[in-house]
Amino acid sequence: MSSPCKRRDTDVMKLMMSDFTVEPINDGLNEFSVEFHGPKESPYEGGVWKVHVELPDAYPYKSPSIGFLNRIFHPNVDEQSGSVCLDVINQSWSPMFGLKGQPRRVDLDMNHHINNDAYIGWVLECVPKEIIDSHEVQTITLEFRRECQQDDVVDCLTAPKNGFSELRAINGSPPVGKDENHNLQFLHLLRLSNNGSEINRGHTVWRMKPAKR
Numbered sequence: 001m002s003s004p005c006k007r008r009d010t011d012v013m014k015l016m017m018s019d020f021t022v023e024p025i026n027d028g029l030n031e032f033s034v035e036f037h038g039p040k041e042s043p044y045e046g047g048v049w050k051v052h053v054e055l056p057d058a059y060p061y062k063s064p065s066i067g068f069l070n071r072i073f074h075p076n077v078d079e080q081s082g083s084v085c086l087d088v089i090n091q092s093w094s095p096m097f098g099l100k101g102q103p104r105r106v107d108l109d110m111n112h113h114i115n116n117d118a119y120i121g122w123v124l125e126c127v128p129k130e131i132i133d134s135h136e137v138q139t140i141t142l143e144f145r146r147e148c149q150q151d152d153v154v155d156c157l158t159a160p161k162n163g164f165s166e167l168r169a170i171n172g173s174p175p176v177g178k179d180e181n182h183n184l185q186f187l188h189l190l191r192l193s194n195n196g197s198e199i200n201r202g203h204t205v206w207r208m209k210p211a212k213r
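The sequence shown lines up with residues 1 to 213 when you count with full-length UniProt numbering.
Now the structure itself:
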């Protein structure tokens, strides 16, 4: 998995390559402004707005701070300060760990199908490094929806089963879902990058590694 800094840089670079106008503030990528046009066929069509975005050092484990620099009338924006009040930003922010990859020749079986080990490998690569360092996988469950071909580009998405906001963080990583045995649980989704079609869904359970003697 990528480190938080690499994740931040990747997310900001994707934003810079989008249709938005992004202007970094100072020398780093933790603070920048974003200019965008109001969506068509909406009350904001024809308007141009600018927001200030500040990413905390703990990003993506902690939500960004977002505020409008010019005035906008919207129920989720404070009219005086311009602060965005969306629950997803202030209370329920949760990073989604992701990976994009393509099957390799070594992933093919004798019938030129993607072998199960490849699917398992993609799932495990999306688990945060902090969890892999402190835990070991106990069970892996995959539900196959369709077959993946050699030329397909695959997205692998991973998120804690019970969300990030309920439990204590582990080694600086986000809080994750636990079962009755205090094992960590993650949900996984493999899908085709070009159209979003599901390849399979997965569920992994992780237990704490025994202390070294």
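Ideal Cβ placement from N, Cα and C applies to all residues, glycine included.
Do you know offhand how far residue i's Cα is from residue j's?
| i | j | result |
| --- | --- | --- |
| Gln185 | Glu198 | 20 Å |
| Thr204 | Leu69 | 43 Å |
| Asp78 | His37 | 19 Å |
| Glu130 | Pro60 | 14 Å |
| Val154 | Glu143 | 16 Å |
| Cys126 | Gln138 | 16 Å |
| Ser193 | Asp152 | 8 Å |
| Ser42 | Met16 | 24 Å |
| Ala58 | Gly196 | 29 Å |
| Arg105 | Asp9 | 30 Å |
| Pro210 | Lys62 | 29 Å |
| Gly121 | Ile140 | 11 Å |
| Val123 | Cys5 | 22 Å |
| Asn30 | Arg145 | 39 Å |
| Gly28 | Val34 | 15 Å |
| Ile132 | Arg71 | 45 Å |
| Phe40 | Asp11 | Checking the sequence, you will find Lys at residue 40 rather than Phe. Approximately 25 Å, taken between the alpha carbons. |
Are the beta-carbon atoms of residue i and residue j separated by less than 8 Å?
| i | j | result |
| --- | --- | --- |
| Phe32 | Val22 | yes |
| Lys161 | Leu187 | yes |
| Cys208 | Ser134 | Inspection of the sequence shows that residue 208 is occupied by Met rather than by Cys. The answer is yes: Cβ separation under 8 Å. |
| His113 | Glu147 | yes |
Short of 6 Å in beta carbon distance, which residues of its chain neighbour residue i, apart from the five on each side in sequence? Order them along the chain.
| i | result |
| --- | --- |
| Leu189 | Leu157 and Arg201 |
| Pro64 | Val53 and Leu55 |
| Gln150 | Pro103 |
| residue 246 | Summary: the structure shown does not reach residue 246, with the chain confined to residues 1 through 213, and so no result is reported for it. |
Starting from residue i and walking both ways along the beta strand (DSSP E), at which residues does that stretch end?
| i | result |
| --- | --- |
| Ile25 | Looking at the DSSP string, Ile25 is not in any beta strand (DSSP E), and its letter there is neither H nor E. |
| residue 222 | Nothing can be reported for residue 222: it is not among the residues displayed for the chain, which extend from 1 to 213. |
| Asp155 | Val154 to Pro160 |
| Glu198 | Glu198 to Met208 |
| Gly67 | Ser65 to Phe68 |
| Phe20 | Counting along the chain, Phe20 falls outside any beta strand (DSSP E), and DSSP gives it neither H nor E. |
| Gln185 | Leu184 to Leu192 |
| His52 | Val48 to Glu54 |
| Val34 | Glu31 to His37 |
Grab the span of the alpha helix (DSSP H) containing residue i for me, first residue to last.
| i | result |
| --- | --- |
| Asn116 | Asn116 to Glu125 |
Below 8 Å CB to CB, which residues in the same chain sit around residue i once its five sequence neighbours on both sides are set aside?
| i | result |
| --- | --- |
| Asp117 | Asp107 |
| Phe73 | Glu79 |
| Asn115 | Asp107, Leu108 and Asp109 |
Which residues share a DSSP beta bridge with residue i?
| i | result |
| --- | --- |
| Ile72 | DSSP, once it has assigned bridges, lists no residue as partnering Ile72. |
| Ser83 | Gly67 |
| Thr141 | His203 |
| Val77 | Val84 |
Here's a check: name, in chain order, each residue in its chain whose Cβ is nearer than 7 Å to the Cβ of residue i, leaving out the five neighbours to either side.
| i | result |
| --- | --- |
| Gly67 | Val51, His52, Ser81, Gly82, Ser83 and Val84 |
| Tyr119 | Leu142, Leu190 and Asn200 |
| Gly46 | Gly38 |
| Asn183 | Gln138, Val205, Trp206 and Arg207 |
| Pro24 | Phe32 |
| Glu136 | Trp206, Arg207 and Lys209 |
| Tyr44 | Gly38 |
Is residue i close to the ligand SAM? I mean its beta-carbon at under 7 Å from any heavy atom of the ligand.
| i | result |
| --- | --- |
| Gly82 | Looking for the ligand SAM in the displayed structure turns up nothing, as the structure carries no ligands at all. |
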